[in-house]
Amino acid sequence: PDNSHRPKMVIIDLNTNETLSNFIFPNHIAPYNSSFLNDIAVDPAQQIAYISDAGGSGALISYNRLTNQTTRYSGVSTSIDVSYRMVIQNIDYGTTNFTTPADGIALSCSFEWVYFCPLHSTMLYRIPAKVLANSSLSMASMNESVQKVANRPSAADGLTITSKGLLFAGGLTTASVYTYDASNDDHNARLNSPKTLYEDEETMVWLDTFAFNEQHDSILWSSNMLNRFFTTDTYGSDSSTRMRVFELKGHRPYLYGCE
129 PDNSHRPKMV IIDLNTNETL SNFIFPNHIA PYNSSFLNDI AVDPAQQIAY ISDAGGSGAL
189 ISYNRLTNQT TRYSGVSTSI DVSYRMVIQN IDYGTTNFTT PADGIALSCS FEWVYFCPLH
249 STMLYRIPAK VLANSSLSMA SMNESVQKVA NRPSAADGLT ITSKGLLFAG GLTTASVYTY
309 DASNDDHNAR LNSPKTLYED EETMVWLDTF AFNEQHDSIL WSSNMLNRFF TTDTYGSDSS
369 TRMRVFELKG HRPYLYGCE
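All residue numbers for the sequence shown refer to my numbering, where the first residue is 129 and numbers rise by one.
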């Protein structure tokens, strides 16, 4: 493979378009022949970014901007469930079409927990942020700190958490948006059953990414029917495969801390 463009963290000041830093991840943290750095959650006070690596067997990565220290965690919790069948709009895609490991990642509003999930799985996990960011810990020590907090109704792509501790997750096989109360930071706390916020088999197929609009105090999410993009040659040829963005007011990002 062409490894001339190695995985890196670029920080840009959007007010001036100035590149503030450009950090290249070492090969043992983000392998140059397999990594796919995907979603990100940020602790602005500590200047630490938590990133999912959706390549290879999956991993979580931390990057400390103040020290340039990095960590990598990989284990059963970041890997796929090889038995999981993806059925979307009554189409059975089997167990081998969307074998993406660690994908969704979110930081609690207390900045104490990193929540994450493999895409090809229904499990939801969390790990203490201070553990994931500790470069002196072994992989085994990190693994002991991982907690399984929920078995979800459907596989999910992106995740996020609001300033009220509400965790948002999509439902790839149910065309839904689910919410969990993730405000409990107690050790070994499990999440209660999710609430189905929205469900639409026509417009919310493959709910992908979450974001926030601070001006509107709102959360946004996109649906893009990636299942068709990867398995057909007619993606984008009609309105049934268009990308959509949804907005729901009344939700501020975890970046404000717990409100």
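Where is the CB? At the ideal position from N, CA and C, for every residue including glycine. Bear in mind the structure is a predicted one, so any value in this text is a computation, not a measurement.
Per the DSSP secondary-structure output, Leu148 pairs with nothing in a beta bridge. In this chain, the beta strand (DSSP E) harbouring Ser190 covers 187-192. When Ala283, Gly298, Ile152 are compared, the shortest CA-CA separation from Ser350 is found for Gly298. Within the same chain, Cβ atoms closer than 6 Å to the Cβ of Gln197 are found at Ser263, the five residues on either side in sequence being excluded. The C-beta distance from Ala278 to Tyr308 rounds to 7 Å, short enough to meet the 8 Å contact threshold. Note that the stretch 184-196 touches the stretch 229-239; at least 3 beta-carbon pairs, one per stretch, sit closer than 8 Å. In the DSSP assignment, Glu327 falls outside any alpha helix (DSSP H) and lies within the beta strand (DSSP E) extending over 323-327. Between Ala303 and Glu327, the CB-CB gap stays under 8 Å.
In this structure, Val305 keeps its C-beta atom at 8 Å or more from the C-beta atom of Leu354. Cα atoms of Leu376 and His344: separation of roughly 9 Å, rounded to the nearest angstrom.
Within the stretch 230-270, the alpha helix (DSSP H) runs of at least 4 residues that lie entirely inside it are, in chain order, 257-260. Annotation for Pro322: Ala278, Arg280, Pro281, Ala297, Tyr306, Thr307, Tyr308 place their beta carbon closer than 8 Å to its own, counting only its chain and skipping 5 residues before and after. In the three-state reduction of the DSSP assignment, Tyr201 falls in the strand class, which pools E and B. By alpha-carbon distance to Ser266, the top candidate from Glu330, Thr199, Ser149, Asn145 is Thr199. Counting along the chain, Thr359 sits inside no beta strand (DSSP E); it lies in the alpha helix (DSSP H) bounded by residues 354-359. When DSSP assignments are scanned along the stretch 265-308, the uninterrupted stretches of alpha helix (DSSP H) that are 4 or more residues long and fall wholly within it turn out to be 267-273. Under the three-state reduction of DSSP output, Leu348 falls in the strand class.
By a beta-carbon distance limit of 8 Å, Leu260 contacts Tyr178. Their separation comes to about 6 Å.
Annotation for Val170: the continuous beta strand (DSSP E) segment containing it runs 165-171.
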